[in-house]
Amino acid sequence: MLNSNALRKLDMQDLMVFSAVYEQGSVTGVSEALCVSQSTVSYCLKKLRACFEDELFINSRTGMRPTYKAEGMYEHVCAILQRINQCHAGSPTFDPRRQAITFDICAPEYFEQLILPRLLRGFDHAELPVTVNVSKLEADIPVEALRNGSLDLVICFGPNFHSNHADLKSRPLLDDDLVCVVDKRAAPPLNLETFLQRRHVFPTPWASSSNMIDGWLAMQAQQRQIAARANSYGAALKMIAGTDFILTLPRRIQQLLANDTGFHHYDAPEGLPGFTLDMQWSLGADQDSANIWLRGQVIEACLGH
Numbered sequence: 001m002l003n004s005n006a007l008r009k010l011d012m013q014d015l016m017v018f019s020a021v022y023e024q025g026s027v028t029g030v031s032e033a034l035c036v037s038q039s040t041v042s043y044c045l046k047k048l049r050a051c052f053e054d055e056l057f058i059n060s061r062t063g064m065r066p067t068y069k070a071e072g073m074y075e076h077v078c079a080i081l082q083r084i085n086q087c088h089a090g091s092p093t094f095d096p097r098r099q100a101i102t103f104d105i106c107a108p109e110y111f112e113q114l115i116l117p118r119l120l121r122g123f124d125h126a127e128l129p130v131t132v133n134v135s136k137l138e139a140d141i142p143v144e145a146l147r148n149g150s151l152d153l154v155i156c157f158g159p160n161f162h163s164n165h166a167d168l169k170s171r172p173l174l175d176d177d178l179v180c181v182v183d184k185r186a187a188p189p190l191n192l193e194t195f196l197q198r199r200h201v202f203p204t205p206w207a208s209s210s211n212m213i214d215g216w217l218a219m220q221a222q223q224r225q226i227a228a229r230a231n232s233y234g235a236a237l238k239m240i241a242g243t244d245f246i247l248t249l250p251r252r253i254q255q256l257l258a259n260d261t262g263f264h265h266y267d268a269p270e271g272l273p274g275f276t277l278d279m280q281w282s283l284g285a286d287q288d289s290a291n292i293w294l295r296g297q298v299i300e301a302c303l304g305h
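Sequential numbering from 1 applies to the sequence shown in the UniProt record's numbering.
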C-alpha cells in the first residue's frame, strides 16, 4: 500500500524524469534522452514536486541542482526502476555451470539408495559444482522448512501418507510395490497366514512409528510379530541372514540390494497395496529457476528406474 494518495498520481515516466534530471541537471538534455518534449519534462517535475512537497531541483548557473530531499530519494528511485526492469525481463535462468550451489533435500533412505546416486553421477559427469545435503524424513512433512526456504525439496511416500497443505505443490516420481525377502535357506511365505506366523524385521528408512504394512494389516484386524527394527535396508538384510525372519522391502530396493544368491524374494500377501515416491516443494519456490532445475534433474534421475 502507498502512504499517500498523491503517490497514486505518479507513473513510471515521472520516476524516469526524476532520475534523468538528477543525473543530467538539464531539462533539455532529459527531453532529448527520453524522447519527450520539454513541456512533458516540466509537467513531470511539477507532479513530483507536488507529491513530495519539495522543490527537488533548483536552477543554478551549473544546471538543476538536487535538493537535500532529492539526494535522499535518488537511490530509492533507481532501485524502483531496476526492479521494474527485472519484472519485465523475468527471473534469470539458472545455470549451475556459472556458480557453485547447495541444495537441501529431506528424503527417506529409499531416495538415497535408488535416486540420489544417479543424480550425483549426472552432476559429476557434467562437472557441475552442485552439492546435495540430505536430511532424514520424519513422520511429518517439514512444512515450515519448505516455506522459509531452508529446504528446497521434500521427497516422501504416497499416496495419503502425509497431511495435505494448500501452499505446497506435489508430483509423483515413480510407483513401486512390496516383496518379501528371506534367507535362501528359509521357507517361502506362501500366503497371509504363513506371513503372520513368521517373525519380521522392520526397516525404518524414514523416522515414523507407523508404516504401510502394519497399517494395512490393522485394517484386516491382523498383526505381525516384529523380531527387530533396523535403521536401514542394509542392516535389515544382515539381520535376516541365517534366520527364518521375513523382511518386506520395496521391489526396487530388493532388486538393488538383495538380488543375489544369499536371498530369495516372493510376492507380498495379496491385497497389500503399493505406493508412490513423491516430490513436494513450496509455492514460493515454484517459479524459482534453481528449484525448477533441481526438480527437473530429480525427475530425469527417476526415469532410469
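Just so it is clear, CB atoms sit at the ideal spot from N, CA and C, and this is done for glycine as well.
Distance between residue j and residue i (C-alpha atoms, nearest Å)
i, j, result
"phenylalanine 263", "alanine 241", "8 Å"
"methionine 64", "valine 143", "54 Å"
"glycine 72", "arginine 98", "36 Å"
"threonine 248", "asparagine 211", "11 Å"
"serine 150", "aspartate 104", "7 Å"
"leucine 294", "arginine 147", "17 Å"
"serine 39", "serine 4", "26 Å"
"aspartate 288", "cysteine 78", "25 Å"
"isoleucine 80", "serine 282", "27 Å"
"glutamate 32", "glutamine 24", "11 Å"
"valine 179", "glutamine 225", "17 Å"
"residue 306", "alanine 258", "Limits of the chain in this structure are 1 at one end and 305 at the other, which puts residue 306 out of reach."
"phenylalanine 57", "glycine 29", "15 Å"
"glutamate 75", "glutamine 13", "17 Å"
"proline 117", "tyrosine 233", "16 Å"
Neighbourhood of residue i by C-beta, 8 Å cutoff - its chain only, sequence neighbours within 5 removed
i, result
"aspartate 54", "Thr67, Lys69 and Ala70"
Check whether residue i and residue j have beta carbons under 8 Å apart
i, j, result
"phenylalanine 157", "histidine 200", "no"
"aspartate 175", "glycine 274", "yes"
"arginine 229", "phenylalanine 202", "yes"
"cysteine 302", "isoleucine 155", "no"
"valine 181", "histidine 265", "yes"
"threonine 276", "proline 108", "no"
Continuous alpha helix (DSSP H) stretch holding residue i: start and end
i, result
"glycine 29", "27-34"
"threonine 194", "192-197"
"aspartate 214", "212-219"
"serine 289", "289-302"
Rounded Cβ spacing between residue i and residue j (contact assumed at less than 8 Å)
i, j, result
"residue 358", "asparagine 291", "The structure shown has nothing for residue 358, since the chain only spans 1 to 305."
"methionine 16", "leucine 34", "6 Å"
"valine 298", "leucine 7", "In fact, because the Cβ distance is near 45 Å, the residues do not count as touching under 8 Å."
"serine 37", "valine 27", "Serine 37 to valine 27, Cβ: 10 Å. No contact."
"threonine 204", "asparagine 164", "About 24 Å separates the two Cβ atoms, so there is no contact after all."
"aspartate 140", "histidine 162", "7 Å"
Residues of its chain near residue i, where Cβ-Cβ distance is below 6 Å and the 5 sequence neighbours each way are ignored
i, result
"serine 170", "Asp278 and Gln280"
"alanine 145", "Leu151"
"asparagine 59", "none"
The beta strand (DSSP E) enclosing residue i, as first and last residue numbers
i, result
"lysine 136", "130-136"
"glutamine 169", "Rather than glutamine, the amino acid found at residue 169 in this sequence is lysine. Run containing lysine 169: 168-176, per the beta strand (DSSP E) assignment."
"residue 316", "This structure does not reach residue 316, given that the chain is present from 1 up to 305, and the question cannot be answered."
"threonine 248", "246-250"
"threonine 102", "101-107"
Cβ-based neighbour list, residue i, same chain, cut-off 7 Å, excluding 5 preceding and 5 following
i, result
"lysine 9", "Lys47 and Cys51"
"leucine 217", "Gln223 and Arg224"
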